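K.L.:
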Amino acid sequence: MGFAFAILIAGGIALPVFYFYSRLAEDQESNPLIVKELLRWAVKGMGVPLLLWLLMNMGIVPGFPILLGAVAAAKGTGGDWLFLLFQYSIGLVLIIASYWAGLSMIWLLWRYQQSAQDRTEFWSTAGLWAALALPFAAFCGYSGRLYGAGMTVVIWLSPILFTTAPLIQRKKVMPSYSRAVTLMKFGKYNEAEWEVIHELEKAEDDFDGWLMLAQLYAEHFHDLISAEQTIYDVCSQAATTPPQASVAINKLADWHLKIGEDPAAARQVLEVICQKWPGSHLDKMARLRIAQLPADRDALLASRQPRRIRLPALRDVAEVEPASACTPNLKEIVTAKAKRLVAQLNEDPNDAKAREELARILAEELQQAEMGIEQMELLLGMPNQEDNARAEWLASIAAWQFRLRRDPEKGRETLQRLLQEHPQSVQAFTAQRRLNLMQLEERMKQRRAEKGNAPKITIEAPARENKIEA
Numbered sequence: 010m011g012f013a014f015a016i017l018i019a020g021g022i023a024l025p026v027f028y029f030y031s032r033l034a035e036d037q038e039s040n041p042l043i044v045k046e047l048l049r050w051a052v053k054g055m056g057v058p059l060l061l062w063l064l065m066n067m068g069i070v071p072g073f074p075i076l077l078g079a080v081a082a083a084k085g086t087g088g089d090w091l092f093l094l095f096q097y098s099i100g101l102v103l104i105i106a107s108y109w110a111g112l113s114m115i116w117l118l119w120r121y122q123q124s125a126q127d128r129t130e131f132w133s134t135a136g137l138w139a140a141l142a143l144p145f146a147a148f149c150g151y152s153g154r155l156y157g158a159g160m161t162v163v164i165w166l167s168p169i170l171f172t173t174a175p176l177i178q179r180k181k182v183m184p185s186y187s188r189a190v191t192l193m194k195f196g197k198y199n200e201a202e203w204e205v206i207h208e209l210e211k212a213e214d215d216f217d218g219w220l221m222l223a224q225l226y227a228e229h230f231h232d233l234i235s236a237e238q239t240i241y242d243v244c245s246q247a248a249t250t251p252p253q254a255s256v257a258i259n260k261l262a263d264w265h266l267k268i269g270e271d272p273a274a275a276r277q278v279l280e281v282i283c284q285k286w287p288g289s290h291l292d293k294m295a296r297l298r299i300a301q302l303p304a305d306r307d308a309l310l311a312s313r314q315p316r317r318i319r320l321p322a323l324r325d326v327a328e329v330e331p332a333s334a335c336t337p338n339l340k341e342i343v344t345a346k347a348k349r350l351v352a353q354l355n356e357d358p359n360d361a362k363a364r365e366e367l368a369r370i371l372a373e374e375l376q377q378a379e380m381g382i383e384q385m386e387l388l389l390g391m392p393n394q395e396d397n398a399r400a401e402w403l404a405s406i407a408a409w410q411f412r413l414r415r416d417p418e419k420g421r422e423t424l425q426r427l428l429q430e431h432p433q434s435v436q437a438f439t440a441q442r443r444l445n446l447m448q449l450e451e452r453m454k455q456r457r458a459e460k461g462n463a464p465k466i467t468i469e470a471p472a473r474e475n476k477i478e479a
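See the structure below:
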């Protein structure tokens, strides 16, 4: 009974260690881990020495005698030696527990000073309370002598650790959004929103969490107003760096283009970067993107139309069937696009890309081959153009002359011009093949005509006589 009571007292001596060590925990969720770690340390520091003491005095360790004489005598005479062993071990349990607690408190003091925000303030506070608690600790040490040294350390360091615990700089708890991502994948956006907000309560200035929340509002709730307010709120936080703010604002511009289809709003958002950090690389990148934005919503929608890929070197464009006429709605869109290109060329007549696009729209979409060829001829007359581009333009002119104007002679002249001016281009091989086919067709027609004018020769079979013999 006394041995069990000693075990309880040893647990009470260890309680301050558990309390002060739990103050190092990052949050309440990590306290169970702290308890498990301390239990392992308590078993190693108190349980293992006590177990070794009991085993040695039970006489079961080979080659090692029993240390307690009374226990050895009782065991030799057949007395209740086990009861004597536990009775003699009561004091040892308390000594082991006090020494374990004292050493643990010293280690905790070292951990506290390592985690302190201001070590000067920590040591000044620790020194003050050490001086105040020193007389009482000295009295306990004098009374307990060597056996009470561990308890003396516990009594002396307890007020020091208690007063310096608020000075500990705890590690920042990083929120985890894996559960929110999982909820979004299953389409549970309302629950995902509350999960993100719950994680943000752990770290209110976490940039990734606020950006995920804004993305949730924009892409899943289609609430650009809330998304914009969230982005501006996170950009105004002191912990948000300029690159992070730039990323968030560019995201907001993407949402205005993709979801709101509003290039003007996207331009206004990007101008915030230019005003906030003028002259920086963020300002330059924002201005480059502003220059690439569509002029209005119609231009944005037109830019999303699929682009036709041309491979004139792989197929003879002259052999393609004429394009079908545009529907009324499509014709209105194409005509509006052609007008924008004309206005663009009025501002910059040397814009080769715009002129080429206008030529193809006129010839292939609006069935105005003559005007398209005229624009291509203007392109061929522009200086400082690449040879590959010139060869492509000549090939397009020849194709339109063949299949739209139905003028093979003009097409032949254009192909011969292509061979003369750009003989090593890829389009020249297609042009040469087309000319060879045309020559072959002419020879075949000529042969058929010659056969048609030649005199006809008729060969009659000789008459046969039928004889009947009797």
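Taking the numbering used here, I'd label the letters of the sequence shown as residues 10 to 479.
We treat Cβ as the ideally placed atom computed from N, Cα and C, and that holds for glycine.
All values derive from a computational prediction rather than experimental measurement.
According to DSSP, Ile7 sits in a beta bridge with which residue or residues?
P.N.:
Coverage of the chain is limited to positions 10 through 479, which leaves residue 7 absent and any answer about it impossible.
K.L.:
Pull up the distance between the alpha-carbon of Thr250 and that of Ile22, whole angstroms please.
P.N.:
49 Å
K.L.:
Taking its Cβ as the centre, do 16 or more other Cβ atoms sit within 10 Å of Glu356, making it buried, or is it exposed?
P.N.:
exposed
K.L.:
Please list the terminal residues of the continuous alpha helix (DSSP H) segment that includes Ala368.
P.N.:
Membership of Ala368 in the alpha helix (DSSP H) is indicated by the continuous run 361 to 369.
K.L.:
For Leu310 and Gln455, I'd like the C-alpha separation in whole angstroms.
P.N.:
54 Å
K.L.:
For Lys45 and Val52, what's the separation of their Cα atoms in angstroms?
P.N.:
Rounded to whole angstroms, the gap between the alpha carbons of Lys45 and Val52 is 11 Å.
K.L.:
Compute the Euclidean distance between the alpha carbons of Thr239 and His231, then round it to the nearest angstrom.
P.N.:
14 Å
K.L.:
For Arg426, which of helix, strand or coil comes out of DSSP?
P.N.:
Reduced to three states, the DSSP call for Arg426 is helix.
K.L.:
State the Cα-Cα distance for the pair Leu61 and Thr172, rounded to the nearest angstrom.
P.N.:
37 Å
K.L.:
DSSP three-state call for Ser405: helix, strand or coil?
P.N.:
helix
K.L.:
Grab me the residues of Val190's own chain with a C-beta within less than 6 Å of its C-beta, minus the 5 sequence neighbours each way, in chain order.
P.N.:
none
K.L.:
Just the C-alpha distance for Lys460 and Leu367, rounded to the nearest angstrom, thanks.
P.N.:
49 Å
K.L.:
Run the CB neighbour count on Ile206, radius 10 Å, all protein chains shown included, and call it buried at 16 or more, exposed below.
P.N.:
exposed
K.L.:
Should the stretch 136 to 144 be called in touch with the stretch 109 to 119, which here means at least 3 C-beta pairs below 8 Å?
P.N.:
no
K.L.:
Ordered along the chain, which non-local residues of its own chain (more than five positions away) have a Cβ less than 8 Å from that of Leu101?
P.N.:
Leu59, Trp62
K.L.:
Can you tell me whether DSSP reads Trp286 as helix, strand or coil?
P.N.:
coil
K.L.:
Within a Cβ cutoff of 8 Å, which residues of the same chain sit near Ala322, ignoring the five residues on either side of it in sequence?
P.N.:
Confidence is the limiting factor: at Ala322 the pLDDT is only 40, short of 50, which leaves the residue's position unreliable, though a coordinate-based value still follows. If we look at Ala322 and ignore the five residues flanking it on each side, its Cβ neighbours are Val435, Gln436, Phe438, Thr439.
K.L.:
Contact between the stretch 273 to 284 and the stretch 297 to 305 is defined here as three or more beta-carbon pairs at a separation below 8 Å; is this criterion met?
P.N.:
yes
K.L.:
Leaving out the 5 sequence neighbours to the left and right, which residues in its chain are closer than 6 Å to Arg306 when beta-carbon positions are compared?
P.N.:
Glu270
K.L.:
Look up Ser238 in the DSSP assignment and say whether it is helix, strand or coil.
P.N.:
It is worth fixing the name first, because residue 238 is Gln in this sequence and not Ser. Correct three-state label for Gln238: helix.
K.L.:
Out of curiosity, what's the CA-to-CA distance linking Tyr226 and Ile115?
P.N.:
Spanning the two alpha carbons is a distance of roughly 52 Å.
K.L.:
Is Leu350 near Ala363, with beta carbons less than 7 Å apart?
P.N.:
Less than 7 Å separates the beta-carbon of Leu350 from that of Ala363.
K.L.:
Going by CA-CA distance only, name the one from Thr134, Ala212, Leu424 that's closest to Asn445.
P.N.:
Leu424
K.L.:
Just to confirm my understanding: we take Gly54, look at its own chain, exclude 5 residues before and 5 after, and list those with CB closer than 6 Å. What are they?
P.N.:
Trp109
K.L.:
Roughly how many angstroms lie between the CA atoms of Val326 and Ala273, to the nearest whole one?
P.N.:
Since pLDDT at Val326 reaches only 46, below the 50 mark, its modelled position is unreliable, and no value is offered.
K.L.:
Going along the chain, which residues of its own chain have a beta-carbon closer than 6 Å to the beta-carbon of Glu330, five neighbours each way excluded?
P.N.:
Confidence at Glu330 is low in this model, with a pLDDT of 47, below 50, so its placement is unreliable and no value can be given for it.
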